[in-house]
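Counting in the working numbering, the sequence shown runs from 114 upward without gaps. Even glycine gets a Cβ: it sits at the ideal position worked out from N, Cα and C.
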Amino acid sequence: MTSYETFARFYDAVNEEPRERILQILKAISTYRPDAGSVLELGCGTGAVLAGLGSGLSLTGIDLSKEMLAYARRRCPHARLIEGDITSFSLGEKFDVIVCVYDTLNHVTTFDGWLSVFDNVRAHLNKGGLFIFDVNTVGRLRELAEMVPWVHDFDGHTLIMDVSFDDGQISMWDIRIFEHVSDDDFILHHERIPELGVPLSRVRDALAPYFDLLEESDTVGGVATDESPRALYVVQRKSD
Ligand SMILES: C[S@@+](CC[C@H](N)C(=O)[O-])C[C@H]1O[C@@H](n2cnc3c(N)ncnc32)[C@H](O)[C@@H]1O
């Protein structure tokens, strides 16, 4: 079973609309690449971010999960959606902007995998193109593991999410959804999704040879540290 196979059906109901990130992406594009015509999203999931970017851009999304892509097709019919792995894709074309948000990069569970993503981004970006991405920090993953499991009622169902982070690198998100099918019966769906935590200095060092750092923030305008909830990056492909 691949990740998100069962969670896909509940993903949009459990997660808030990604308005904040969409606005940040649009602001970065208008600041650094106002003439952008094309955007590729890595790990586009159910297409919530692509759908929010508007119809003025040519939109492409890539994701490993057939189930997530099925929702994205309904939500964002004007985007081109491709089933593929962000560590090894080759589309034979370049984009003005590539985005990878809401922890998608953390889902790649080796740092060599992150380096492959950065290489693929560079290969698929036009000269001066932007790469906009966020990561869950090591501090955030540790904090989530110290918290009591998150219990969330939605649409008559119940989600229980328990995060562990035993070795300080791979955090495991144990997700149980109790789907209430009648007053006295439910179906239990269970998924375990791993996320890799990487110190931000390592991320910056890996980007430095090929990208100029335009912005690094804690996603709410402050300085990003390994203790911030997330870190948001806007980087620009250097000339060859
Ligand atoms: C947390 S969701 C984020 C979805 C979307 N970016 C959003 O903001 O709503 C992570 C997504 O990354 C996808 N994903 C994880 N690893 C991947 C990989 N190696 N290649 C492609 N997609 C991947 C998952 O299938 C999932 O849809």
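In its own chain, which residues sit with a C-beta less than 6 angstroms from the C-beta of residue i, not counting the 5 before and 5 after it?
i: F278; result: L254, R255, A258, S284
i: E328; result: V347
i: L170; result: V152
i: M181; result: Y117, A121, G158, T159
i: H303; result: R289
i: F123; result: I290
i: L177; result: D198
i: D148; result: none
i: P131; result: A161, V162
Out of the options, point me to the one whose CA is closest to residue i's CA.
i: I138; options: V162, G174, A319, N233; result: V162
i: H293; options: A319, G269, G165; result: G269
i: Y184; options: G205, A126, E206, V230; result: A126
i: Y145; options: A337, R188, T338, I245; result: I245
i: W227; options: G252, G241, I199; result: I199
i: K207; options: D318, I273, N239, A141; result: N239
i: D232; options: N128, D275, F324; result: F324
i: I300; options: V276, E130, G335, T271; result: T271
i: G150; options: E133, K140, S168; result: S168
i: D225; options: E196, V311, S295, F267; result: V311
i: E129; options: L345, S229, R317, F267; result: F267
With burial defined as no fewer than 16 other Cβ atoms inside 10 Å of the residue's Cβ, what is the status of residue i: buried or exposed?
i: L326; result: exposed
i: S341; result: buried
i: D280; result: exposed
i: M260; result: exposed
i: T250; result: buried
i: A333; result: The sequence shown places Val at residue 333, not Ala. Exposed.
i: A164; result: buried
i: A337; result: buried
i: A321; result: exposed
i: V276; result: buried
i: V264; result: exposed
Can you tell me which residues form a DSSP beta bridge with residue i?
i: G174; result: E154, L194
i: N239; result: In DSSP, N239 forms no bridge with anything.
i: H270; result: F267
i: V276; result: W286
i: Y346; result: F246, E329
i: D298; result: S295
i: V210; result: V152, L243
i: E304; result: I288
i: V316; result: Answer is none; V316 lacks a bridge partner.
i: V336; result: S330
i: F231; result: Answer is none; F231 lacks a bridge partner.
Please state whether the Cβ-Cβ distance between residue i and residue j is less than 8 angstroms.
i: I211; j: V234; result: yes
i: V221; j: L309; result: yes
i: R315; j: D331; result: no
i: T159; j: R188; result: yes
i: I135; j: L166; result: yes
i: G174; j: T217; result: no
i: G241; j: R350; result: yes
i: A359; j: L243; result: The structure shown does not extend to residue 359, since the chain is modelled only from 114 to 353, so the question has no answer here.
i: D339; j: L313; result: yes
Considering only residues of the same chain and omitting the five flanking positions on each side of residue i, which have a CB-CB separation below 8 angstroms?
i: I306; result: S116, Y117, F120, H220, M285, W286, I288
i: H191; result: S168, L172
Just to confirm my understanding: we take residue i, look at its own chain, exclude 5 residues before and 5 after, and list those with CB closer than 7 angstroms. What are they?
i: H237; result: L153, L204, K207, F208, I211
i: S229; result: T200, S201
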